[in-house]
Amino acid sequence: MAGQGSFPLGMAAEGTTVRIVALRGGAMLDKRVTEMGLNIGSEITIRQRQGGGLVVSRGETRFALGGGMAHKIMVEVVE
1 MAGQGSFPLG MAAEGTTVRI VALRGGAMLD KRVTEMGLNI GSEITIRQRQ GGGLVVSRGE
61 TRFALGGGMA HKIMVEVVE
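When you line the sequence shown up against full-length UniProt numbering, it's residues 1 to 79, in that order.
Shown next as structure tokens:
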């Protein structure tokens with residue numbers, strides 16, 4: 001479950017590395033995000049912000065996420 005230090009992925013600053021702590025969009029979002037390899041516990045880096053959407057990376061793979069999806073993925077900053 002998302003803790004007190006968690007916030008929506010859509011609010012993360014460019015260049016920040018975050019860890020996914022919860023998915024808040026229902027079964028379809030869970031399935032879609034998990035199929036992309038973005039599971040709870042995954043660490044991702046915000047590469048680019050464009051409008052409401054984001055480009056994030058996990059390892060060498062980059063993903064484009066819309067703003068609606070990004071706000072349903074709860075993350076915490078990796079220290």
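In this text, a Cβ means the ideal position worked out from N, Cα and C, and glycines have one as well. These numbers were taken from a predicted model, which means no experiment stands behind them.
Item: Rounded C-alpha distance that separates S42 from S6; Value: 14 Å
Item: Ranges of the beta strand (DSSP E) found wholly within the UniProt domain "Ferrous iron transporter FeoA-like" (7 to 77), counting only runs of at least 3; Value: 17 to 23, 43 to 50, 53 to 58, 61 to 65 and 73 to 77
Item: Closest residue to R19 among N39, R62 and A64 (Cα-Cα distance); Value: N39
Item: Cβ-based burial, G52 [other Cβ within 10 Å; buried from 16]; Value: exposed
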